[in-house]
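Sequential numbering from 1 applies to the sequence shown in the UniProt record's numbering. Cβ coordinates follow ideal geometry from the N, Cα and C atoms, glycine included. Just so it is clear, the structure is predicted and the values come from calculations on it, not from any experiment. Inspection log for the structure reproduced underneath, given as structure tokens.
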Amino acid sequence: MTSHADYLAGLLNDIEFEINVLRNDFALPYHAVSEAVPDWVKADAEAEDADFQLPEHLRGTGQDSGEEGVL
């Protein structure tokens, strides 16, 4: 009889195998370059940033309230 942990480990092995098959089929690298962001993502992010406004309760007044924050 197979234990629960052994069964789950077997499922993960199957998933890892299928992922490796897909990587090979599509000639994908094993590690993605973290700095590589597609232009379409950058354009969407810049558009969202342009419309972003900090919520009023988070906006600073530029004056010190005299209260110290607790860390």
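- What is the DSSP secondary structure of tyrosine 30, reduced to helix, strand or coil? Here residue 30 refers to the residue found at position 30 of the sequence shown. Residue state, collapsed to three classes: coil.
- Query: What first and last residue would you give for the alpha helix (DSSP H) that runs through glutamate 48?
  - Reply: For the purposes of this step, residue 48 is taken as residue 48 along the sequence shown, with counting starting at 1. For glutamate 48, the enclosing alpha helix (DSSP H) stretches over residues 39–51.
- Message: Distance check for isoleucine 15 and residue 74, CA to CA, integer angstroms please.
- Response: It is not possible to answer for residue 74, since the shown part of the chain is limited to 1 through 71.
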